[in-house]
Structure formats: structure tokens, C-alpha cells
DNA sequence: TATAGCATGTAATTAGTTACATGATTAA
DNA sequence: TTAATCATGTAACTAATTACATGCTATA
């Protein structure tokens, strides 16, 4: 049974204690979405499929009047997640960065336009870095409170240093296109 | 008139002297595809649309028996490309990295499995770096021969140092998960 | 003479986002 | 009481890949 990547996102999130589609999406939006996005349009149908496949067990959990379906991993679900995590298939990797694409074509620009492009790119990466730094305290708390969110926290650190790498590269190029002026 | 990103890839590639769909795809495959991919299924229909919109001018160019359509930018095409390059719209940015996604869920793994994941990630980034280093001599030659491929070359340098950054990060994490063992 | 490369194109599929509808609960 | 948040779900759309069909030319 070949599962989609979205399915593994869900299995992993349920393993981290996110029981509902809503909770899964909320965590995705402040974590994996920087390297693997997922929308409601994927999450809810996939939750249903995973239940039907016996990898998740769902339970209606009224908690009052509000409708709410709570999920947990079955043994088969745990196994499917682990098999994917340890599989030796090539790891998918894909980047779309419009800034780099424009930079690739920057021979068509004037020196000041090149500098402006790099400044915008740098500002966007610095903005991303700021947003991640704002997420950090909450992530740190979650790591300390909950068991087993150590690696979630480490990917946040990756995000911060990666955004820093990109911003630095932009700054370096900015200086370079200005002196070549 | 709102153009797709693929349209700008094509306009930019034609500006760099790639006249046919085939030539465009060939350059994409060793350059932008590392930060912006494009397939034949996008390129040929888009070339036709850009001609119909008057941004490209196409000419059948038999060159013998083989069918071949040669394109060049019109003034409107040049303008559309320039407008996009200098536009202040937010720059799209999207990453999908299965290695990072697995790392995010690595609390579910044993210490040796974590190290194995990071080793595979590092090997993949080192492999990418090698492939880019192999492309480099050709890109350097193109930069020196042709006018106006300076920035194409600089994005290759970005790719090499970026792959290096990722490989180094993996190596650092590999050491870290081993000592926490 | 056969294989690799040049060259164009599209049909079918898959993946994914967007936008909306619905309604309960909690905090200001 | 009103806005924000919790919560589920899907229909319509858009984007993009894959896989194929076709056929010429140059080279080993």
C-alpha cells in the first residue's frame, strides 16, 4: 500500500498527539509548511482514507455540542510511519523560489534594479527569519512540556539558520552588484 | 494580462538566446530546475500562447528536413519580462523536502535510525553538490563566450554553496544525534 | 545500421489550492 | 453581542507531471 506524503504528515502529527484535522492543520501551519505544506483539502479526505485502511482509529468525541473526531494511531499506522521514516527510497526534494528565478535572468536588469531585487529577496528572508524567531518560544515550551517534540524543535532551528543563510547570500550579492556598478 | 511563472521562464530563456522549446527545456534542466522546474507539457503550449499574445515572434526554420520553430522576443515581450523582474509583488517561495519532513518526525526513531536518516540526507545533498560542480565548467564557458549569462552562472554558485550548507547542517545533526546516544 | 540526440506536441492523470458552507464555543 | 477560534467538509479549479507518439539527423 503506497501512501501519499500527506498521509505520512498526518500519521506523524497524530503520533505527536494532534488528534483532529483542525489540530493537525494548526501545527502544520507553524511547522512543516515551511518544507512540506498541507491543506484542509488534503487533510480531511486523507484522515478518512487512513481510517478505512486501518492505520488510524477515529472516535466521535462530542465534548459538548461541537462535533469533533479524535484520532489515534493503530499498530499498523505506527508501522507504516516507521517504515516510511526508515525507507531508503530517494528523498523527494523540490524548491520553487521566484527570487532566484528572477536573479537567474538579472542580466536583463540595470545595476540599480539588480540591487533592488536582491534587497527585496533579503527582506523576505529576513521577514521569514523573524516569523520563525517569534514561533520559537512556543516551540521551546512544547518541547519542554510534551515528550517527543525534540526534533520538531530542531527543524525550527534549521529554518532560522536557513533563512539566515539565504539573507546573508542576498546581502553578499547586493554588495557585489553594487561594486560592479 | 497576468502571465504564469512558466511564461516568464520562457521569455527569459528566449532572451538568453534559446530559440526552440527543446533548447529552452535543455537549459532549464541544468539550471532553473533546481529552483524552478518546467516540463514540455508547460513549455510548448505556453510558447504558442506567448506568440498569440504577441510577446514572442515565432518562425519556422527548416534548416533542412527537420521541423523547428525559432522564437525571439518582441518589444512587448521584452517589456513583460522586465516588468515582472522589477515588480514588487511578494516573491513566491516554496520548499518540499522529504528529508526535513522525516527529520521533523524523528522522535519516532531509534538513535541509529536517526543517524542513518541524516546520513542519507547528507549524501543526497553532497550528490547534488557534485552534479552542480560537474555542470560548472560548461556554465563558466557559456558565461565567457556568450554575453549576458553572468547571473545564470551566479545562481549555479548559489546552488553549490546552498547544497554545501544543507550537507553541513546534516553532518552537524548527525554528530549531535550520535553523542546524545 | 543503430543509437543518441534534436525537435514538437498532447492526452491522461495526479496533486494540490482556494473558496466556500456550516455551525458550535469562548473571550472581549 | 460580536468577533475570534474551534471544527468539519467538499466542489471547483489550476497547475503540473508523466508518458507517449512522431520523425528527422548526426555519429560511432
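Residue numbers (this note's numbering), protein chains in the order written: chain P, -6 to 174; chain Z, -6 to 174. From the three backbone atoms N, C-alpha and C, an ideal C-beta is built for every residue, glycine too. From a predicted model like this one, the values you see are computed outputs, not experimental measurements.
Burial state of residue i, where buried means 16 or more other Cβ atoms lie within 10 Å
i: residue 168 of chain P; result: exposed
i: residue 115 of chain Z; result: buried
i: residue 70 of chain Z; result: buried
i: residue 137 of chain Z; result: exposed
i: residue 33 of chain Z; result: exposed
i: residue 92 of chain Z; result: buried
i: residue 142 of chain Z; result: buried
i: residue 140 of chain Z; result: exposed
i: residue 173 of chain Z; result: exposed
CA-to-CA distance, residue j to residue i, given in whole angstroms
i: residue 54 of chain P; j: residue 9 of chain P; result: 19 angstroms
i: residue 153 of chain Z; j: residue 83 of chain P; result: 20 angstroms
i: residue 25 of chain Z; j: residue 23 of chain P; result: 28 angstroms
i: residue 166 of chain Z; j: residue 1 of chain Z; result: 38 angstroms
i: residue 99 of chain Z; j: residue 151 of chain Z; result: 29 angstroms
i: residue 160 of chain P; j: residue 118 of chain P; result: 5 angstroms
i: residue 59 of chain P; j: residue 13 of chain P; result: 13 angstroms
i: residue 105 of chain Z; j: residue 171 of chain Z; result: 8 angstroms
i: residue 155 of chain P; j: residue 39 of chain P; result: 31 angstroms
i: residue 47 of chain P; j: residue 67 of chain P; result: 7 angstroms
i: residue 125 of chain P; j: residue 49 of chain Z; result: 42 angstroms
i: residue 73 of chain Z; j: residue 148 of chain P; result: 39 angstroms
i: residue 186 of chain Z; j: residue 16 of chain P; result: With chain Z running from -6 to 174 in the structure shown, residue 186 of chain Z is simply not present.
i: residue 135 of chain P; j: residue 90 of chain P; result: 31 angstroms
i: residue 36 of chain P; j: residue 51 of chain Z; result: 45 angstroms
i: residue 123 of chain Z; j: residue 86 of chain P; result: 16 angstroms
i: residue -4 of chain P; j: residue 101 of chain Z; result: 18 angstroms
i: residue 43 of chain P; j: residue 11 of chain P; result: 15 angstroms
i: residue 6 of chain Z; j: residue -2 of chain Z; result: 12 angstroms
i: residue 95 of chain P; j: residue 3 of chain P; result: 35 angstroms
i: residue 41 of chain P; j: residue 163 of chain P; result: 44 angstroms
i: residue 103 of chain P; j: residue 45 of chain P; result: 58 angstroms
i: residue 30 of chain Z; j: residue 56 of chain P; result: 47 angstroms
i: residue 146 of chain P; j: residue 18 of chain P; result: 17 angstroms
i: residue 127 of chain P; j: residue 127 of chain Z; result: 40 angstroms
Per DSSP, cross-strand counterpart(s) of residue i
i: residue 62 of chain Z; result: Z/53
i: residue 86 of chain P; result: Z/90
Beta-carbon gap between residue i and residue j smaller than 8 angstroms
i: residue 121 of chain P; j: residue 28 of chain Z; result: no
i: residue 144 of chain P; j: residue 97 of chain Z; result: yes
Check: Counting pairs of beta carbons, one from the region 74 to 92 of chain P and one from the region 100 to 111 of chain Z, are three or more of them closer than 8 angstroms?
Finding: With a cut-off of 8 angstroms, the region 100 to 111 of chain Z and the region 74 to 92 of chain P count as touching, because enough Cβ pairs lie within range.
Check: Quick check: the region 129 to 137 of chain P against the region 61 to 77 of chain Z, are there 3 or more CB pairs under 8 angstroms?
Finding: Between the region 129 to 137 of chain P and the region 61 to 77 of chain Z, the count of Cβ pairs shorter than 8 angstroms is below three; the stretches do not touch.
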